[in-house]
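Right, one structure below, let's go through it.
There are 2 protein chains.
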Amino acid sequence: MEAYSIGIDLGGTNLRAAAIDKDGKMLAKISGNTPVASGPGPVVDDMAQSVEKLREQFGREHLAGIGAGVPGNIDMAKGVIVGWGNMPIFNGYAMRDELSNRLGTKVILENDANAAALGEQWIGAGRGVDDLVLLTLGTGVGGGIIVDGRILHGQIGMAGELGHMTVSPNGYPCGCGNRGCLEKHASATAVSAMARLLNLGHDLTGKQVYDLAVQGNDRAREIFKAMGEALGIALASLINIFNFPLYLLGGGVVAAWELFAPAMLAEVDRRCFTYRSTLKIAPTRIEAAKLGGDAGLYGAAYLPLQDVRR
Amino acid sequence: MEAYSIGIDLGGTNLRAAAIDKDGKMLAKISGNTPVASGPGPVVDDMAQSVEKLREQFGREHLAGIGAGVPGNIDMAKGVIVGWGNMPIFNGYAMRDELSNRLGTKVILENDANAAALGEQWIGAGRGVDDLVLLTLGTGVGGGIIVDGRILHGQIGMAGELGHMTVSPNGYPCGCGNRGCLEKHASATAVSAMARLLNLGHDLTGKQVYDLAVQGNDRAREIFKAMGEALGIALASLINIFNFPLYLLGGGVVAAWELFAPAMLAEVDRRCFTYRSTLKIAPTRIEAAKLGGDAGLYGAAYLPLQDVRR
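For the protein sequence lines, the chains are A and B, in the order given. With numbering that gives the first Met the number 0 as the guide, the letters of the first sequence map in order to residues 0 to 309. With numbering that gives the first Met the number 0 as the guide, the letters of the second sequence map in order to residues 0 to 309.
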């Protein structure tokens with residue numbers, strides 16, 4: 000058989016792993032059993048066991064490598080997790096080498112939002128595009144930046160923290176210390192908070208607010224409009240900064256595309272001369288990502304394949 | 000003698016050209032005679048004549064190449080100027096090929112703010128650093144982004160329009176169509192406008208406002224504080240986006256560093272968790288550029304040398 004690789008996506012609750020061939024075909028996908036909250040040791044055991052299962056099934060001789068996406072910031076040179084906001088038990092953990100030692104082979108560790116951007120570029124909505132930005136709208140807002148087909152890491156792997164771009168300098172406080180971060184305006188959490196502010200309900204999920212909006216509730220519709228405007232402010236700056244051909248929006252909240260996208264695109268058009276002035280010569284596309292929850296899994300698997308290709 | 004190259008910096012009024020050797024030593028600098036407002040034909044004649052002068056002086060056999068920085072946006076693939084805000088007579092002009100034909104040799108055309116960033120990276124405040132952002136605070140605010148030692152161009156050379164990042168979503172209108180662009184808050188023009196708003200004077204230059212501030216005028220000092228805060232908002236977002244080791248501020252307004260920098264750095268510290276959390280492991284430097292008005296000249300000259308080196 001052809002070469003394949005194994006990608007791991009360590010989510011907020013547990014892990015998934017998949018064997019994916021060099022053309023981006025998913026051969027098998029499995030889930031781990033260990034809650035992430037169990038801490039580094041048990042989680043890395045679970046990662047190693049998941050890889051073993053897939054490696055036995057598809058053979059060692061064709062395995063190009065192993066990539067793992069995790070929700071924290073990673074010191075790329077050292078393979079150490081340097082910041083995982085709500086799971087500090089992992090901070091300072093040398094996950095790359097621990098996993099590599101258990102498996103007896105090289106592992107590439109990556110931030111999960113970066114891996115998702117790479118996955119979309121490889122086999123999703125960014126196929127054929129070398130430069131793109133992915134915003135992942137979930138509980139928070141993650142980001143990944145692809146330059147010339149490679150993930151932009153910055154000094155220690157912390158590039159792409161796009162959820163903490165300022166869209167409202169005196170807006171709501173964010174856990175990061177800033178005010179008016181994008182993710183306080185354009186995440187599932189933000190949608191729920193706005194629903195509460197508008198007396199729509201105390202504990203509505205983003206999906207419930209979406210359903211209300213679809214049913215015609217004006218306040219619910221206004222929430223998604225506000226979200227679209229915030230995204231437009233951030234995207235206008237990003238387009239002026241990068242002049243990339245493609246900006247993708249992924250994550251669960253993108254299901255509400257038809258509710259927030261019109262306000263978002265209007266805001267970009269109004270605020271971004273780069274967007275307007277290139278419309279006819281080199282248009283900027285702003286589109287929904289395609290790989291859904293598997294983007295990070297594809298991207299993690301692509302990491303070792305990408306190195307083989309070069 | 001050693002290899003050298005010729006850099007041209009086409010400013011808002013006229014051009015300068017310099018012969019610079021491969022170690023960054025400026026061998027000679029001359030100014031052109033033709034006002035830029037004369038339009039493309041006369042200006043390119045002037046550029047060609049300036050190059051000829053230097054080429055005769057230092058010899059054709061050692062000339063590595065010719066680079067030219069211009070204040071407009073450039074379609075890099077075609078070498079055509081696609082947007083030069085206040086000099087629309089140049090829009091659509093194939094400056095690269097016109098100059099190349101006159102000189103009988105290859106020319107590399109570049110945006111001047113991008114060239115300045117490359118110059119600082121080569122031989123200025125960014126020496127030894129592969130990834131940096133330069134903000135040039137002049138009449139407006141220009142930007143250049145260096146990734147892995149190369150200028151980030153984006154689709155058609157419009158990357159780095161950092162002066163049009165939004166720092167105040169409902170702030171003053173900008174000619175670009177946006178509200179609250181960075182350059183409406185942190186340029187010489189912005190300083191003059193704020194002086195007028197504070198009844199300091201109708202037609203004060205940035206330098207005059209600076210002098211008032213140095214003399215202890217509270218309103219003048221507040222202007223530079225406001226400018227520092229706006230820069231801090233933009234820098235916090237840029238650091239979260241890039242996680243680069245170095246952010247440089249160039250341009251004439253940087254002379255007021257001691258007046259705006261404290262507010263700027265306080266704002267970055269407060270707003271940017273990437274900045275704070277990397278302080279001890281991989282600090283982010285925010286510093287004044289070093290090459291002054293010659294940054295673009297050095298960068299333009301480096302363009303052909305850089306290609307020879309690879």
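C-beta: ideal position from N, C-alpha, C; glycine also.
With contacts defined by Cβ atoms closer than 8 Å, residue 73 of chain B and residue 156 of chain B form a contacting pair.
Residue burial is scored here from C-beta neighbours: residue 36 of chain A has fewer than 16 other C-beta atoms within 10 angstroms and is therefore classed as exposed. For the C-beta of residue 305 of chain A, not a single chain B residue is nearer than 9 Å; the gap to the nearest is close to 16 Å. With contacts defined as CB atoms closer than 8 Å, residue 116 of chain B and residue 150 of chain B qualify as a contacting pair. The three-state reading of DSSP puts residue 37 of chain B in helix, counting H, G and I together. In the three-state scheme derived from DSSP, where H, G and I count as helix and E and B as strand, residue 132 of chain B is classed as strand.
Within 10 angstroms of the beta-carbon of residue 183 of chain B lie 16 or more other beta-carbons, which makes it buried. In this chain, residue 182 of chain B is not harboured by any alpha helix (DSSP H), its DSSP state being neither H nor E. Assigned with DSSP and collapsed to three states, residue 93 of chain B falls in coil, not helix or strand. Annotation: residue 89 of chain A has no Cβ neighbours in chain B at a cutoff of 7 Å; minimum Cβ distance is about 15 Å.
Per DSSP, residue 20 of chain B lies in no alpha helix (DSSP H) segment; the continuous beta strand (DSSP E) that holds it begins and ends at 14–20.
Taking a 10 Å sphere around the C-beta of residue 97 of chain B, we find 16 or more other C-beta atoms and assign the residue as buried.
DSSP, read as helix, strand or coil, puts residue 110 of chain B in strand. When DSSP states are grouped into helix, strand and coil, residue 55 of chain B belongs to the helix group.
Selection A:255, A:185, A:180 evaluated against residue 230 of chain A yields A:185 as nearest (Cα-Cα). Three or more beta-carbon pairs separated by less than 8 Å link the segment 204–218 of chain B to the segment 185–195 of chain B, which places the two stretches in contact. Only residues of its own chain outside the window of five on either side were considered, and among them 208, 211, 218, 219 have a CB closer than 7 Å to the CB of residue 199 of chain B, listed in chain order. What residue 272 of chain A touches in chain B, judged by beta-carbon distance under 7 Å, is 163, 175, 176, going in chain order. Taken through DSSP and simplified to helix, strand or coil, residue 30 of chain B comes out as strand. Cα atoms of residue 76 of chain B and residue 89 of chain A: separation of roughly 46 Å, rounded to the nearest angstrom. Cβ neighbours of residue 233 of chain B within its own chain (closer than 8 Å, five residues either side excluded): 134, 161, 164, 166, 181, 185. Below the 8 Å Cβ cutoff, chain B contributes 176, 177 as neighbours of residue 269 of chain A, in chain order. The residue from A:145, A:252, A:279 with its alpha-carbon nearest to that of residue 121 of chain A is A:145. The contact set of residue 119 of chain B on chain A, defined by CB atoms closer than 7 Å, is empty, because the minimum CB distance reaches about 18 Å. Straight through space, the alpha carbons of residue 249 of chain B and residue 62 of chain B are spaced by roughly 29 Å. For secondary structure counted as the alpha helix (DSSP H) over 4 or more consecutive residues, the segment 201–266 of chain A holds these complete runs in sequence order: 205–213, 217–241. Interface residue (Cβ-Cβ distance to chain A less than 8 Å): residue 253 of chain B is not classified as such.
Bounds of the alpha helix (DSSP H) holding residue 274 of chain B are 272–276. In the DSSP assignment, residue 67 of chain B falls within the beta strand (DSSP E) that extends over 62–69.
If you check the CB distance, residue 246 of chain A and residue 238 of chain A come in under 8 Å. Residues of the segment 237–265 of chain A with a C-beta atom less than 9 Å from some C-beta of chain B are 237, 238, 239, 240, 241, 242, 243, 244, listed in chain order.
Chain order gives no chain B residues near residue 4 of chain A, where near means a beta carbon separation below 7 Å; the closest approach is about 25 Å.
For the pair residue 270 of chain B and residue 147 of chain B, the Cα-to-Cα distance works out to about 26 Å. Selection B:266, B:79, B:52 evaluated against residue 236 of chain B yields B:266 as nearest (Cα-Cα).
Under the DSSP assignment, residue 74 of chain B falls in the beta strand (DSSP E) whose first and last residues are 72–74.
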